[in-house]
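Every position in the sequence shown, counted from 1, becomes a number in my numbering once 27 is added. All C-beta atoms in this analysis are idealised placements derived from N, C-alpha and C, irrespective of residue type, glycine included. Computed from a prediction, not measured in an experiment: that's the story for all the values here. Structure first, then comments.
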Amino acid sequence: MAKNHPYKFCFGPWNISEGSDPYGPTTRPPAAFDWKLAQLKKQGFDAMMFHDDDAVPDIDSKSDAQIRKEAKELKKRLDGDGIAAEMVAPRLWFSPMTIDGAYTNNDPKCRQYAIDRSLRSIDIANILGTDILVLWLAREGTYIREAKNGRRSMDLLVEAFDAMLAHDKKGRLASEPKPNEPMDHAYLPTIGHALAIAQKTRDLRRVGCLIESAHAILAGLDPADEIDFAMSFDKLWSLHLNDQNGLKYDQDRPFGCTNLRSAFDQVRVLERNGYGRNGEYVCFDVHPFRTTKVEHWLDHLVNSRRTFLKLLEKARTFNEKTSQKLIADRNYQALDQMVIEHLLGE
Ligand code: GLO
Ligand code: MG
Numbered sequence: 028m029a030k031n032h033p034y035k036f037c038f039g040p041w042n043i044s045e046g047s048d049p050y051g052p053t054t055r056p057p058a059a060f061d062w063k064l065a066q067l068k069k070q071g072f073d074a075m076m077f078h079d080d081d082a083v084p085d086i087d088s089k090s091d092a093q094i095r096k097e098a099k100e101l102k103k104r105l106d107g108d109g110i111a112a113e114m115v116a117p118r119l120w121f122s123p124m125t126i127d128g129a130y131t132n133n134d135p136k137c138r139q140y141a142i143d144r145s146l147r148s149i150d151i152a153n154i155l156g157t158d159i160l161v162l163w164l165a166r167e168g169t170y171i172r173e174a175k176n177g178r179r180s181m182d183l184l185v186e187a188f189d190a191m192l193a194h195d196k197k198g199r200l201a202s203e204p205k206p207n208e209p210m211d212h213a214y215l216p217t218i219g220h221a222l223a224i225a226q227k228t229r230d231l232r233r234v235g236c237l238i239e240s241a242h243a244i245l246a247g248l249d250p251a252d253e254i255d256f257a258m259s260f261d262k263l264w265s266l267h268l269n270d271q272n273g274l275k276y277d278q279d280r281p282f283g284c285t286n287l288r289s290a291f292d293q294v295r296v297l298e299r300n301g302y303g304r305n306g307e308y309v310c311f312d313v314h315p316f317r318t319t320k321v322e323h324w325l326d327h328l329v330n331s332r333r334t335f336l337k338l339l340e341k342a343r344t345f346n347e348k349t350s351q352k353l354i355a356d357r358n359y360q361a362l363d364q365m366v367i368e369h370l371l372g373e
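See below:
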């Protein structure tokens, strides 16, 4: 086994959120972006994820030249603070132009808006020094099945991916599948879908994926299996670790909060597959509980990282020899108990 490698950690400005939900307003005042950036390094994180408009606020009202100027200013600040930009993601779910979807919108003007905005995001990514564009296809899907032609939507997605691949000959696209929310059904619900559509693009080597634990659980899948699957294709280029309690709204709970054993399994397969050896980051797409007080505002991030590192220790000290013996003997009952007792620290 190769020598242990260190992990690098990351979060996005949206992960220090204010607590609003569909039933009530915020419970914490907004924190300034500069404050968020300052906390990141202090708490042991190495990089920040950016939506295009986290990097350049009010992006739709700005010219290309202005966008470049602001992205360059941000890059200078990041360099000054020793913080990397992990990725840029076009936020294609806020604008009035994306009410009925972005790349799969029924209106060609809206589709063009989505592509233009994605190309601008690629320019920002280049300036910030990351080659990864994350595509969470929030509104690509349907509320009612008859509203769109699913087959045509696949062609439109491939067209959009191709436009992005043509815009920048080196950039990589990492799609982040999620089966539902905000849509009733999304077009790319799982890693299998994300990797399958890559085959239809003009450069499949530059189309990969990002796994979010909660999204896999919402699809009824095991996040650790999704990780193994993506990594067997060398396609796992980013990761949103978090947790989710059953099949309900997307919860973005702290990593390991609900199912510690599943979190252990995720860390174990990441370690076994060498995630991070090519510079990939472990990102936590987690939110504070609505009840969280301002003075505890970073705890969900700090705790997720802490839990990850503790589980890493558990993965590295798991007795592989004994487990292999139990596997050879098909004694999965004993293997089950061995995992439980290892996690309990016995
Ligand atoms: C929501 C997604 C979202 C994305 C982020 C990056 O369910 O997980 O948080 O990861 O916007 O595009
Ligand atoms: Mg996510």
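Could you round the C-beta distance between residue i and residue j to whole angstroms and report it? I think they count as a contact, below 8 Å.
| i | j | result |
| --- | --- | --- |
| residue 207 | residue 175 | Their Cβ separation, rounded to whole angstroms, is 15 Å, which puts residue 207 and residue 175 out of contact at 8 Å. |
| residue 167 | residue 184 | 7 Å |
| residue 296 | residue 255 | 5 Å |
| residue 271 | residue 245 | 6 Å |
Tell me whether residue i, by its Cβ, gets closer than 8 Å to a heavy atom of the ligand MG.
| i | result |
| --- | --- |
| residue 270 | no |
| residue 328 | no |
| residue 312 | yes |
| residue 237 | yes |
| residue 163 | yes |
Compute the minimum distance between the beta carbon of residue i and the heavy atoms of the ligand GLO, and state whether it is under 8 Å.
| i | result |
| --- | --- |
| residue 78 | yes |
| residue 189 | no |
| residue 279 | yes |
| residue 118 | yes |
| residue 63 | no |
If I measure Cβ to Cβ from residue i and keep anything under 6 Å in the same chain, skipping five residues before and after, which residues do I get?
| i | result |
| --- | --- |
| residue 298 | 342 |
| residue 210 | 168 |
| residue 140 | 124 |
| residue 267 | 239, 310 and 312 |
Spatial neighbours of residue i within its chain, please: CB distance less than 7 Å, with the 5 preceding and 5 following residues excluded, ordered by chain position.
| i | result |
| --- | --- |
| residue 36 | 71, 72, 73, 308, 309 and 332 |
| residue 360 | none |
| residue 83 | 89, 94, 97, 98 and 151 |
| residue 112 | 74, 75, 77, 105, 155, 156 and 157 |
| residue 350 | 362 and 365 |
| residue 228 | 185, 188, 189, 192 and 234 |
Closest to residue i by CA distance: which of the options is it?
| i | options | result |
| --- | --- | --- |
| residue 259 | 219, 122, 281 and 137 | 219 |
| residue 202 | 44, 235 and 148 | 235 |
| residue 123 | 137, 237 and 350 | 137 |
| residue 269 | 261, 243 and 252 | 243 |
| residue 276 | 53, 229, 241 and 34 | 241 |
| residue 365 | 355, 345, 51 and 54 | 345 |
| residue 205 | 226, 250 and 228 | 250 |
| residue 300 | 217, 87, 261 and 61 | 261 |
Please go through the same chain and pick out, in chain order, the residues whose beta-carbon is closer than 8 Å to the beta-carbon of residue i, but skip the five residues on each side of it.
| i | result |
| --- | --- |
| residue 146 | 190, 191 and 194 |
| residue 85 | none |
| residue 38 | 67, 72, 75, 76, 310, 311, 312, 313 and 328 |
| residue 160 | 114, 115, 116, 117, 145, 148, 149, 152, 191, 198, 199, 200 and 201 |
| residue 369 | 341, 344, 345 and 346 |
DSSP puts residue i in a beta bridge; with which residues?
| i | result |
| --- | --- |
| residue 122 | Residue 122 pairs with nothing; no bridge assigned. |
| residue 289 | Answer is none; residue 289 lacks a bridge partner. |
| residue 365 | Looking at the DSSP assignment, residue 365 forms no beta bridge with any residue, so it has no partner. |
| residue 268 | 311 |
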